[in-house]
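Encoded as C-alpha cells, the structure appears first; notes follow it.
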Amino acid sequence: MDTNIIYCGDNLEVLPKYIPDESIDLIYIDPPFNTSRNYEVFWGEAQERRAFADRFGDVMTYLEWMRPRLRELHRVLKPTGSFYYHCDWHASHYIKVELDRIFGFDNFRNEIIWQRTSSHNDSKKFGQVHDSILYYAKSGKYTWNSQYTESDPGYVADFYRYDDPVRGKYRLHEIIRTASMGERPNLAYEYKGYTPRWGWRVIRAKLEALDKDDRIEWSKTGRPYLRRFQSEMKGTPLKNIWMDIPPISALADERLGYPTQKPLILLERFIKASSNENDVLLDAFCGCGTTLEAAAKLKRKWIGIDFSPTACRVMAERLEKRLGLKEGTDFVMRDMPKTAEQLRKMPPFEFENWAVVALGGIPNKIKVGDFGIDGRLYLADMAKEKQGKAGIGKQTMFEELDKWYPIQVKQRDKVGRPDIDNFQTAMRRDKRLKGYFIAFGFSSDAMKEIKRAITVEGLEIVPITVDELLGFEKTALS
35 MDTNIIYCGD
45 NLEVLPKYIP
55 DESIDLIYID
65 PPFNTSRNYE
75 VFWGEAQERR
85 AFADRFGDVM
95 TYLEWMRPRL
105 RELHRVLKPT
115 GSFYYHCDWH
125 ASHYIKVELD
135 RIFGFDNFRN
145 EIIWQRTSSH
155 NDSKKFGQVH
165 DSILYYAKSG
175 KYTWNSQYTE
185 SDPGYVADFY
195 RYDDPVRGKY
205 RLHEIIRTAS
215 MGERPNLAYE
225 YKGYTPRWGW
235 RVIRAKLEAL
245 DKDDRIEWSK
255 TGRPYLRRFQ
265 SEMKGTPLKN
275 IWMDIPPISA
285 LADERLGYPT
295 QKPLILLERF
305 IKASSNENDV
315 LLDAFCGCGT
325 TLEAAAKLKR
335 KWIGIDFSPT
345 ACRVMAERLE
355 KRLGLKEGTD
365 FVMRDMPKTA
375 EQLRKMPPFE
385 FENWAVVALG
395 GIPNKIKVGD
405 FGIDGRLYLA
415 DMAKEKQGKA
425 GIGKQTMFEE
435 LDKWYPIQVK
445 QRDKVGRPDI
455 DNFQTAMRRD
465 KRLKGYFIAF
475 GFSSDAMKEI
485 KRAITVEGLE
495 IVPITVDELL
505 GFEKTALS
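Residues in the sequence shown are numbered consecutively from 35, following our numbering.
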C-alpha cells in the first residue's frame, strides 16, 4: 500500500479502491456538518475565501451520507487501531449512536471535550465553547501511549509540601494497603518491626530497594510512606477535558485562514497517544492538511483524502513550505482532475478554482457577488498597458503597481455573447485592457464579439477552452 500520498476524490470511492483491509493504525476525521450556515473554504496561496452551500440538509441526511464512509473506515482500521471523530455539539450525540453500531459500544473509549474558545455569548443559553472528539478502538488490543500535561503550580504547591536538599520537592504517598484493597497474604510481612494489617503495596525486595534509595519516610508515629519527587513526575496524566490548547491565533505561523483549521498541537496529541513511529495514519477529510503535517513531523506514514482539488493544492503547498517536503519525491498527489468530463462534474466553485490556478492565476477572494471576476493573473514582466479606446485614462501610481489581468470562468459547453458583454463591463470597471475567459467552448456570436472588442474598443479578451487548459497543465507537468 502506498503511503505519504494525497488522494483527490470522494473518500467513498478512494477507500475501497486504494486502501486494503486492516492496514491503517490511526484514523482522524473532522468532516463538515450542516450548522445552518455557509461553510467557507480558503485557497492558502492567496488566502482566498469562498462560500458554498452546505450539502447536508439535516442530521438524518448527514448520517446517511456518513454511514457508508464510517463502515469503510472501520474496514481499513487495524485490530490494534484507534479512531477519532472530531465534531461539534450539533451532532455529536447522533454520531455516537452510529459509531456504537459500527465500532461496538464496548470499543468506545472517550468523549474528549476540547475547549476551543474561552468566551462565546449565546442568546438565552450557556455559551458554546467546545468541540467533541469521539474516540473508539477497533478492539481491546489497541495502541496507547499515556500523555501528560504540565502540573499546575498551585497543585505542586499544595501537594509537594516537603523538600529534600538533593532531590527537591516531594509528596508522601501510601506504601501500605488499605481495608478497601483487601488482604494479600503474600504482601503481609514484617519490615523493620512494622507489619501492616492489610499488607504492603509492594513485595519485600521492592520495598528494600526503595528504602535503600531513601524513598521510604517514617512518620513520628512510626507509619511508613513512599516519597514521590516532583522532578521525577511526567506531569499530570491527561484527562478527557482539554483546556490547555487554544485555537489558532490570527498571527500564528501555521494559520492558513481555513475556518475549521485545528491547531497542530491538537493533532500531535492524538497521534502521540494512539500511534508509534512508522505507523500509518489516515485522514479521509483532510482539508488544509494539519493531520498530514503533524504525522510527518512525528515520523509517521500518512494518507490524506479530500474531494476538493483546491484543498489538495493547499496541502501540497503546506507540506513544502513548512516541512520542506517535495511533491513527487517525498509525497505524491493522485487523481487530480485530468479530463473534461471530470471537470464537468466538479462543483462550480471548485471548477473555478481549478481553472484559475491551471492558468497560473490566483482565485478571487469572493465567490458570491464577484462582479464578473473569478481570478487574477499576475505577470512579473507585464508591460505597461497602453491607453485604449474604452475610455480608460492614464494609470495612477497605485494602478501602475497593481498590474493584473482579470479571469472569467464559466462551466458551460458554450459561452454566448451576453457573457462576453458582461466580462467587458467588468474589465472597464476595473480599468483592464486585457482579460482571459475560460469555458468548455464559445459560440460563433461570442467569438465575433471578442473580435469586435479588440478592433473597435481595444479590449483584448483571450478565449481559452478547457481542453486547451488541460493541455497547458499536461505540458507544465511533463
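Ideal Cβ placement from N, Cα and C applies to all residues, glycine included. From a predicted model like this one, the values you see are computed outputs, not experimental measurements.
Beta-carbon within less than 8 Å of residue i's beta-carbon, same chain only, minus the 5 sequence neighbours each way: which residues are those?
i	result
isoleucine 454	Phe471, Ala480, Glu483, Ile484, Ala487 and Ile495
isoleucine 270	A small fix is needed here, since residue 270 is threonine in this sequence, not isoleucine. Excluding sequence neighbours, threonine 270 sits near Tyr182, Thr183, Glu184, Ser185, Asp186 and Tyr189.
alanine 311	Sequence check: residue 311 is glutamate here, not alanine. Here the set comprises Leu332, Lys333 and Arg334.
Excluding five sequence neighbours on each side, which residues of the same chain lie with their C-beta closer than 6 Å to the C-beta of residue i?
i	result
isoleucine 339	Tyr41, Asn45, Val48 and Ala318
asparagine 456	Gly406
asparagine 141	Tyr170 and Ala171
glycine 469	Tyr439, Pro440, Met461 and Ile495
leucine 301	Thr324, Thr325 and Ala328
phenylalanine 341	Asp44
leucine 316	Ile58, Ile61 and Ile337
aspartate 447	Phe474 and Gly475
glutamate 288	Leu298
proline 258	Ile209, Ile250 and Trp252
proline 382	Gln445
glutamine 421	Note that glutamine 421 has pLDDT 41, beneath the 50 cutoff, so the model's placement of it is unreliable and the number below is only indicative. There are no such residues.
With distances taken from CA atoms, which of the options is nearest residue i?
i	options	result
isoleucine 498	Asn141, Val348 and Phe474	Phe474
arginine 261	Trp336, Gly321, Ser283 and Leu244	Leu244
glutamine 445	Tyr439, Val500 and Gly395	Val500
isoleucine 282	Asn274, Lys273 and Pro297	Pro297
tryptophan 388	Lys360, Arg356, Lys355 and Val348	Val348
arginine 62	Glu491, Phe341, Ile305 and Glu56	A small correction: the amino acid at residue 62 is tyrosine; arginine does not occupy that position in the sequence shown. Minimum Cα distance to tyrosine 62 is reached at Ile305.
tryptophan 438	Lys360, Asp408 and Arg334	Asp408
glutamine 295	Ile279, Ile129, Asn274 and Gly321	Gly321
arginine 218	Phe160, Arg238 and Thr151	Arg238
tyrosine 194	Met267, Thr151 and Arg303	Met267
glutamine 264	Arg211, Arg201 and Met215	Arg201
glycine 256	Thr151, Ala374 and Ile210	Ile210
aspartate 198	Arg451, Leu241, Phe160 and Asp248	Asp248
proline 50	Val93, Thr95, Met94 and Leu104	Leu104
Along the chain, where does the alpha helix (DSSP H) that runs through residue i open and close?
i	result
methionine 94	93-110
alanine 171	Here alanine 171 belongs to no alpha helix (DSSP H); instead the beta strand (DSSP E) covers 164-171.
arginine 486	478-486
histidine 127	126-137
glutamine 458	451-463
glutamine 445	Note, glutamine 445: premise wrong, no alpha helix (DSSP H); not H, not E.
tryptophan 388	382-393
threonine 188	First, the amino acid is wrong: residue 188 is glycine here, not threonine. Glycine 188 -> alpha helix (DSSP H) spans 187-193.
alanine 239	238-246
valine 314	Counting along the chain, valine 314 falls outside any alpha helix (DSSP H), though it belongs to the beta strand (DSSP E) covering 314-317.
alanine 473	Segment 468-473 is the beta strand (DSSP E) holding alanine 473; no alpha helix (DSSP H) there.
isoleucine 305	298-308
arginine 410	That residue, arginine 410, is in no alpha helix (DSSP H); its beta strand (DSSP E) goes 409-411.
Between which two residues does the beta strand (DSSP E) holding residue i run?
i	result
lysine 335	335-340
arginine 218	Neither: arginine 218 is in no beta strand (DSSP E) and is coded neither H nor E.
phenylalanine 263	258-263
glutamate 494	494-499
phenylalanine 142	142-149
arginine 368	366-368
cysteine 42	39-42
Quick check on the burial criterion: 16 or more other C-beta atoms within 10 angstroms. Buried or exposed for residue i?
i	result
isoleucine 146	buried
glycine 395	buried
glutamate 208	exposed
phenylalanine 117	buried
arginine 89	Reliability fails at arginine 89, whose pLDDT of 45 lies under 50, so the model's placement of it is uncertain and no value is given.
alanine 213	exposed
tryptophan 148	buried
serine 309	buried
glycine 115	buried
proline 54	exposed
valine 131	exposed
methionine 100	buried
lysine 254	exposed
proline 65	buried
arginine 463	exposed
With a CB to CB cut of under 7 Å and the five nearest residues on each side skipped, what residues in its chain are close to residue i?
i	result
glutamate 327	Leu298, Arg352, Leu353, Arg356 and Leu357
asparagine 179	Lys306 and Ala307
leucine 411	Leu393, Gly394, Gly395, Trp438, Tyr439, Ile441 and Tyr470
isoleucine 39	Ile337, Phe365, Val366 and Arg368
Counting beta carbon pairs with one atom in the segment 153-173 and one in the segment 118-128, are three or more of them shorter than 8 Å?
yes
### Message
Between the segment 220-228 and the segment 167-176, can you find at least three pairs of beta-carbon atoms closer than 8 Å?
### Response
no
Q) Would you say the segment 100-110 touches the segment 128-144, given that touching needs at least three Cβ pairs under 8 Å? A) yes
Practice item. Mind the definition here: the segment 217-224 touches the segment 234-243 only if three or more C-beta pairs lie below 8 Å; say whether that holds. Key: yes
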